[in-house]
Amino acid sequence: MNKPLDAGRLSAQETGAEQWQREFTAGVVGGKPTRNRSGIDVKPLYTPEDWQGDYGADLGYPGQPPYTRGIYASMHRGRTWSQRQLIGLGTPTDYNARLLDMIAQGTTAVSLIPCNSVFRGYDMDEVHAELLGTCGVVANTVEHMEQCLAGVDLARTSCAMNDPSPFTLLALMLATAKKRGVDWNKLSGTSNQSDYLSHYVANHMFFRIALTGARRILTDHIEFCNRHLPRWNPMSVVGQHTQQAGATPAESMAFTLSAAIQYAEDCRERGMAPDAYLPRFTFFFDISVSLFEEIAKFRAGRRIWARITRERFGARDPRSWRFKFHGQTSGVDLTRQQPLNNIARVTVQAIAGILGGLQSLHTDAYDEALSCPTEFGARIAVNTQNILREEAHLTDVIDPLGGSYYIEALTDAMEEKILAVMAQVEAAGGMYAAVEQGLPQKMIGASARSFQEKVESGEQTVVGVNAYQVEEGRGERQALPTPDPAKMRSHIAAFTAYKAARSASAVQAAQDGLAAAAADPKQNIFEHVVEAASAGCTHGEICATLRRELGFGQPLVTV
Amino acid sequence: MTTHPPKVLITKIGLDGHDRGSRVVASFLRDAGMEVVYTPPWQDIPAVVKLALEEDVDVIGVSSLATDHLIVPKLMRSLGEAGLADIAVIVGGIVPDADETMLLEAGVAKVFHPGSALEDIAAEIGRLTSARRAVNA
Chain D
1 MNKPLDAGRL SAQETGAEQW QREFTAGVVG GKPTRNRSGI DVKPLYTPED WQGDYGADLG
61 YPGQPPYTRG IYASMHRGRT WSQRQLIGLG TPTDYNARLL DMIAQGTTAV SLIPCNSVFR
121 GYDMDEVHAE LLGTCGVVAN TVEHMEQCLA GVDLARTSCA MNDPSPFTLL ALMLATAKKR
181 GVDWNKLSGT SNQSDYLSHY VANHMFFRIA LTGARRILTD HIEFCNRHLP RWNPMSVVGQ
241 HTQQAGATPA ESMAFTLSAA IQYAEDCRER GMAPDAYLPR FTFFFDISVS LFEEIAKFRA
301 GRRIWARITR ERFGARDPRS WRFKFHGQTS GVDLTRQQPL NNIARVTVQA IAGILGGLQS
361 LHTDAYDEAL SCPTEFGARI AVNTQNILRE EAHLTDVIDP LGGSYYIEAL TDAMEEKILA
421 VMAQVEAAGG MYAAVEQGLP QKMIGASARS FQEKVESGEQ TVVGVNAYQV EEGRGERQAL
481 PTPDPAKMRS HIAAFTAYKA ARSASAVQAA QDGLAAAAAD PKQNIFEHVV EAASAGCTHG
541 EICATLRREL GFGQPLVTV
Chain C
1001 MTTHPPKVLI TKIGLDGHDR GSRVVASFLR DAGMEVVYTP PWQDIPAVVK LALEEDVDVI
1061 GVSSLATDHL IVPKLMRSLG EAGLADIAVI VGGIVPDADE TMLLEAGVAK VFHPGSALED
1121 IAAEIGRLTS ARRAVNA
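Chains as they are written, first to last, in the numbering used here: chain D, 1 to 559; chain C, 1001 to 1137.
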């Protein structure tokens, strides 16, 4: 009876914490500090000493500022995340077949990935034919968009268009809706890739127009959507590009929030009210396999955004404060070696995103490190989400890690890191100026190099790459999908015929209107992009006109 | 006999802009003492040939993450037509097995896949440079 709980201690003076420290030190030989990808030293144990925040002020309830625990009261209990798988390959009819199949399997939202020729602002007859449709669907006209979306109820399906400035895919979709008699105010979805700054700094992928022109078109686009598409999210601020390019999770969150500030300021300068545009801002992030770090990244991001929208922009509508985000599991973490291991990686990444409180999720297929995913790989990716939701019950409890000493301390530490990088960007004059100066590009390049060196030195294990390797035969890997060359040839022939059959005068008038709008800052360029798409102009023609009027963007590259 | 370091052109042709790989490789090779000519993505094949000729590079490294390697055979032909068949071409990135065979048959010296060590890439460039200079000596 009354046996003291600390009977094993050396002396009566030693506390439980001291005893643990002594035993830990004795038990861990050569214990070197463990540092996460964002550069935060992670301790072996967290206790109440490590987090003494205020529940109401720092965490709060889900659906209440500062939203650390989630942006909605019901979170995944009320409405599970959208399963938004990115797809796109081959011709519009190939895409449509795959899309309808994915919808039948449980995908709840459409996403459209166009061919790289589309991303670069060209039509199919302007590029090397070998490259057509290998990474996305070749869609250049309203006819193609009708084929892509055949059988999809536009009024009931959320559509994400991977559609950089000048947003021709959305314009083609609006033309399709008009033809079908679907009211524009019923359309919901997101202009993914509207964040031109992330294209500039990270993947050099999607911009086709000089920085100044891209800046104006984005604000025009937001203004147009706010007027005509009340359920559409015109602004998707992208952290995925920077993190895939090598930024640490903290840097990537910081660049994204800094870019969001830039876009919000541009809208404000245009005379829009914060509560008119901020509710339509969404975010898109990469989710690496660094589980706790990613969860903390998302929790910190939500908290910072709630503060910025309220304090810096004076937003009054809670919808303006909510940090809505789509997550994509990180392709950079996947390996070509022993590719089935990627299923395990994607599972961990997806758990991080779900516990981090995302609103929509794309899980990569295990074979994405080999090429565009196979249907087999894509099905496992969708089912990974189904398993996590319905077998593992990850949706039962909201923010289940909230209150964990480690998670709360790490959320605070990530917030501090993120704010430090944001301060650097602010000191450079904001994100637009920082990109012009090459600041984020330099930081991303250095972080990419440093991560690669950790892999090569063995400090960072990558299973199958620098540890646990096995001999693999080439025959063990299955063949990958490629577009059918005959189908692609007839697609090109049909495109040529389409162009010849158009009303040349209507096309010319629309192009002239577009050029005039580009030359006149008082006009809305995107309004004319929509008119041009309806008039039968092709994607490449619209981009060519705007490139001519607004200048072509060159990547600012540093090595 | 000259012992100047290998001179290598790191570039991307085609449509893709993802340049993490090409930048990491280029900065590593430069720090390893090589002379590195680096281009932004989206180069035209004639521009690459012209640059290789003007800079007299030993090796061209093409990064391909989104099927742009499918036009590398066109680059090989253009190099041949310009009398630059002695320049070794290596490809790094996401290259499916069947495409690797196609590239090697088109005259590509080596394909590096994700997970390749930077040291190995540097060693291969060194070896290809010595071979080229031995032939041209």
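Every residue gets a Cβ at the ideal spot worked out from N, C-alpha and C, and that includes glycine. Model, not experiment: these values are computed from the prediction.
* **Closer than 8 Å to chain D by CB, T1011 of chain C** => no
* Buried or exposed: where does L1118 of chain C fall if 16 or more other Cβ atoms within 10 Å of its Cβ makes it buried? -> buried
* Around the Cβ of A1122 of chain C, are there at least 16 other Cβ atoms within 10 angstroms (buried) or fewer (exposed)? -> buried
* To do: Measure from the alpha carbon of R84 of chain D to the alpha carbon of each residue in D:P373, D:Q359, D:I444, then state which is nearest.
  => D:Q359
* **Span of the alpha helix (DSSP H) around M1102 of chain C** => 1097–1105
* To do: Might you give, ordered along the chain, the residues of its own chain that have their beta carbon closer than 6 Å to the beta carbon of C159 of chain D, omitting 5 neighbours on each side?
  => V110, G189
* Beta bridge counterpart(s) of A466 of chain D as assigned by DSSP -> The displayed chain sequence assigns Asn, not Ala, to residue 466 of chain D. Beta-bridge pairing links N466 of chain D to no other residue.
* Ignore the nearest five residues each way along the sequence and tell me which others in D1031 of chain C's own chain have a CB closer than 6 Å to its CB. => none
* Indicate whether the contact test is met: 3 or more Cβ pairs, each with one atom in the segment 342–355 of chain D and one in the segment 292–302 of chain D, closer than 8 Å. => yes
* Asked: From the beta carbon of R547 of chain D, is the nearest beta carbon of chain C less than 8 Å away?
  -> no
* Boundaries (first-last residue) of the beta strand (DSSP E) holding Y1140 of chain C -> The question about residue 1140 of chain C has no answer here: the residues shown for chain C are numbered 1001 through 1137.
* May I ask you to list, following chain order, the residues of the segment 1086–1102 of chain C that have a beta carbon less than 8 Å from some beta carbon of chain D? => I1094, P1096, D1097, A1098
* To do: Report the neighbours of T1067 of chain C on chain D: residues whose CB is nearer than 9 Å to its CB, in chain order.
  => N116, E130, L131, T134, C135, S371, C372, T482
* R1020 of chain C at chain D interface by Cβ criterion, 8 Å -> yes
* Length-filtered (4 minimum) alpha helix (DSSP H) runs lying within the segment 155–235 of chain D -> 168–180, 211–228
* Sort D:R77, D:L112, D:T134 by Cα distance to P1096 of chain C and report the nearest one. => D:T134
* To do: Under 8 Å by Cβ, that's how I've got V559 of chain D and A535 of chain D pegged, so tell me the actual separation to the nearest angstrom.
  => Not quite, the Cβ-Cβ distance comes to about 44 Å (not below 8 Å), so this is no contact.
* If we cut at 8 Å on Cβ distances, does V465 of chain D have a partner in chain C? -> yes
* R37 of chain D and P318 of chain D: beta carbons closer than 8 Å? -> no
* Contact with chain C by T108 of chain D, beta-carbon distance below 8 Å -> no
* Under 8 Å, do H347 of chain D and A369 of chain D count as touching if we go by C-beta distance? -> For the sequence presented, residue 347 of chain D should be read as Thr rather than His. For T347 of chain D and A369 of chain D, no; Cβs fall outside 8 Å.
* Have a look at A510 of chain D and E531 of chain D and give me their C-alpha separation to the nearest angstrom. => 7 Å
* DSSP three-state assignment for H1113 of chain C, whether helix, strand or coil -> coil
* Give the DSSP-derived three-state secondary structure of P1046 of chain C in the structure shown. => helix
* In terms of alpha-carbon separation, which member of D:F255, D:P339, D:M235, D:T329 lies closest to I304 of chain D? -> D:F255
* To do: Grab the span of the beta strand (DSSP E) containing D286 of chain D for me, first residue to last.
  => 281–287
* Cβ contact (3+ pairs, closer than 8 Å) linking the segment 21–32 of chain D and the segment 254–269 of chain D -> no
* Output yes if chain C places a C-beta closer than 8 Å to the C-beta of Q424 of chain D; else output no. => no
* **Cα-Cα separation between K179 of chain D and A486 of chain D, rounded to whole angstroms** => 29 Å
* Alpha-carbon to alpha-carbon, H241 of chain D and G62 of chain D -> The sequence shown places Pro at residue 62 of chain D, rather than the Gly named in the question. Taking the straight line from one Cα to the other gives about 28 Å.
* To do: Anything in chain D within Cβ reach of H1113 of chain C, meaning under 7 Å, just list it in chain order.
  => R336
* Candidates D:W20, D:T545, D:G553, D:G551: which alpha carbon is nearest D123 of chain D's? -> D:T545
* So which residues on chain D does I1071 of chain C lean against when the C-beta distance must stay under 9 Å? -> H128, E130, L131
* When you compare only the Cα positions, how much space is there between A73 of chain D and G357 of chain D? -> 12 Å
* Applying a beta-carbon distance threshold of less than 8 Å, which residues of chain C neighbour A448 of chain D? -> R1020, R1023, V1024
* Taking all protein chains shown into account, do 16 or more other C-beta atoms lie within 10 angstroms of the C-beta of T25 of chain D, making it buried, or fewer, making it exposed? -> exposed
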